[in-house]
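K.L.:
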Amino acid sequence: MPDSNVSTEKQKDLKASVQKFASDLAEKVESFVTDISELEVRTYTITEGKFAAVLDDPKKKNDKVLSGEGVQLRAYTRIAFDSDTIVCLPVNESGQIDGAVWDMHQAAVNQALQNRAAMLRAIGDAAASALDALKKSR
Amino acid sequence: MRGKNLPQAVTKLVQQLQARVQPLFADVTSLEVSTYGVDAPQLASVAASKDVTTLAAAADAPVQRRGYTRVTFHCDLHGCTEVGREEIIEAPVRPIHNVTVEQALVGRETLFVAIRETFSGLI
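Protein sequences, first through last, are from chains A and B.
The opening position of the first sequence corresponds to residue 14 in this note's numbering, with each subsequent residue numbered one higher.
The opening position of the second sequence corresponds to residue 65 in this note's numbering, with each subsequent residue numbered one higher.
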């Protein structure tokens, strides 16, 4: 019957999709713990007028660290998986801490921490759902 | 075409998470927060260093520790309780340092809750 052929085809497609999703997810899951084991936040200032030149350079799109004319690192935070934290802030020539961008940096660190927890939950949920779908598709 | 095996990958994920989390639930465990002041032109190279602590210990280092806090916890099956805190903080960095300590404590707790939820969803 043509109807049942269509239905069988659709089921095959669905099964293949579930398996493809499971396989893609498995790849992500494998490197996930390494990816979240250390969190780094850098806050930069960029000289006015140089913003586009620095951020839109296609050669630097995937760079983890910003560089270029007018780019200055102003605050840096590193958080280990166990939450041990180091903060580095610049000091001026008279030894005073330059905390001008601190509030902004602090907000970014907070966001990064929230994102790490949310990512962990999301990957856990996705893995649990995919495992369930895999069982049902067999 | 054979792709990655999800059940195996999830098992590995749970094992890796467990290995990371177990030391954090040892009887006595601690959290350390350090705030460093860095000569402004050197900040990028210090941030690139994997071991800032060792860098700061060197003579004439461009980086100096200005604040340090170590919070000690006692942990059991029900969770962790703070049992001690030692700190040396220079006055000018105190507000910045204290905010970071509180943030690290909250971040630690949030991560624990997320890990617990992930475990219960997968096991």
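Just so it is clear, CB atoms sit at the ideal spot from N, CA and C, and this is done for glycine as well.
Going by beta-carbon coordinates alone, are Leu126 (chain A) and Gly171 (chain B) separated by less than 8 Å?
P.N.:
Cβ atoms of Leu126 (chain A) and Gly171 (chain B): closer than 8 Å.
K.L.:
In the DSSP assignment, find the beta strand (DSSP E) that holds Gly83 (chain A) and state where it starts and stops.
P.N.:
Looking at the DSSP string, Gly83 (chain A) is not in any beta strand (DSSP E), and its letter there is neither H nor E.
K.L.:
Taking only beta carbons into account, state which residues of the stretch 137-161 of chain B come closer than 8 Å to chain A, listed in chain order.
P.N.:
Per Cβ criterion, the list reads Pro156, Val157, Ile160 and His161.
K.L.:
Go through its chain and collect everything with a Cβ distance to Glu51 (chain A)'s Cβ below 8 Å, but skip five positions before and after it.
P.N.:
For Glu51 (chain A), where only same-chain residues beyond five positions count, the Cβ hits under 8 Å are Arg91, Ile92, Ala93 and Phe94.
K.L.:
With three or more C-beta pairs closer than 8 Å as the rule, is the stretch 101-111 of chain B touching the stretch 103-111 of chain A?
P.N.:
Verdict: yes, contact present.
K.L.:
So, helix, strand or coil for Glu51 (chain A), using DSSP?
P.N.:
Looking at Glu51 (chain A) - three-state DSSP - the assignment turns out to be strand.
K.L.:
Any Cβ of chain B within less than 8 Å of the Cβ of Ala143 (chain A)?
P.N.:
For Ala143 (chain A), the answer is yes, since a Cβ of chain B falls inside 8 Å of its Cβ.
K.L.:
Interface residues of chain B around Ile92 (chain A) at Cβ under 8 Å?
P.N.:
Chain B residues near Ile92 (chain A): Ala168 and Gly171.
K.L.:
Just the C-alpha distance for Pro126 (chain B) and Val116 (chain B), rounded to the nearest angstrom, thanks.
P.N.:
The straight-line gap from Cα to Cα measures roughly 11 Å.
K.L.:
Of all the CB atoms in chain A, is at least one closer than 8 Å to the CB of Leu186 (chain B)?
P.N.:
Yes, Leu186 (chain B) counts as interfacial toward chain A.
K.L.:
Is Asp91 (chain B) close to chain A? Criterion is C-beta to C-beta, closer than 8 Å.
P.N.:
By this cut-off, Asp91 (chain B) is not an interface position.
K.L.:
Compute the beta-carbon to beta-carbon distance between Cys139 (chain B) and Ala90 (chain B), rounded to the nearest angstrom, for a pair I have assumed lies under 8 Å.
P.N.:
Contact holds; Cβ gap of about 7 Å.
K.L.:
Counting only runs of 3+ residues fully inside the stretch 88-165 of chain B, write out the beta strand (DSSP E) ranges in chain order.
P.N.:
If we require 3 residues or more, the beta strand (DSSP E) runs fully inside the stretch 88-165 of chain B come out as 92-103, 127-140 and 143-153.
K.L.:
Are the CB atoms of Pro71 (chain B) and Leu144 (chain A) nearer to each other than 8 Å?
P.N.:
Closer than 8 Å, so yes.
K.L.:
Which same chain residues end up closer than 7 Å to Ile160 (chain B) when comparing Cβ atoms and leaving out the 5 residues on each side of it in sequence?
P.N.:
Hits under 7 Å: Thr99.
K.L.:
Leaving out the 5 sequence neighbours to the left and right, which residues in its chain are closer than 7 Å to Thr164 (chain B) when beta-carbon positions are compared?
P.N.:
Answer for Thr164 (chain B): Val97 and Thr99, listed in chain order.
K.L.:
What residues in its chain sit with their C-beta under 6 Å from that of Cys144 (chain B), if we drop five residues either side in the sequence?
P.N.:
Excluding positions up to five away in sequence, the list reads Phe137.
K.L.:
Taking DSSP's pairing of strands, which residues face Ala88 (chain A) in a bridge?
P.N.:
A:Thr56.
K.L.:
Verify whether the separation of the beta carbon atoms of Gln79 (chain B) and Val122 (chain A) is less than 8 Å.
P.N.:
No, the Cβ-Cβ distance between Gln79 (chain B) and Val122 (chain A) is not below 8 Å.
K.L.:
Specify, as a first and last residue, the run of the alpha helix (DSSP H) that Pro103 (chain A) falls within.
P.N.:
Segment Thr98 to Val104 is the beta strand (DSSP E) holding Pro103 (chain A); no alpha helix (DSSP H) there.
K.L.:
Give me whichever residues DSSP pairs with Ile179 (chain B) in a beta bridge.
P.N.:
Note: Ile179 (chain B) sits in no beta bridge, so no partner.
K.L.:
Please state the DSSP three-state secondary structure of Ala93 (chain A).
P.N.:
If DSSP states are grouped into helix, strand and coil, Ala93 (chain A) belongs with the strands.
K.L.:
Which of the three DSSP states, helix, strand or coil, is assigned to Ile136 (chain A)?
P.N.:
Looking at Ile136 (chain A) - three-state DSSP - the assignment turns out to be helix.
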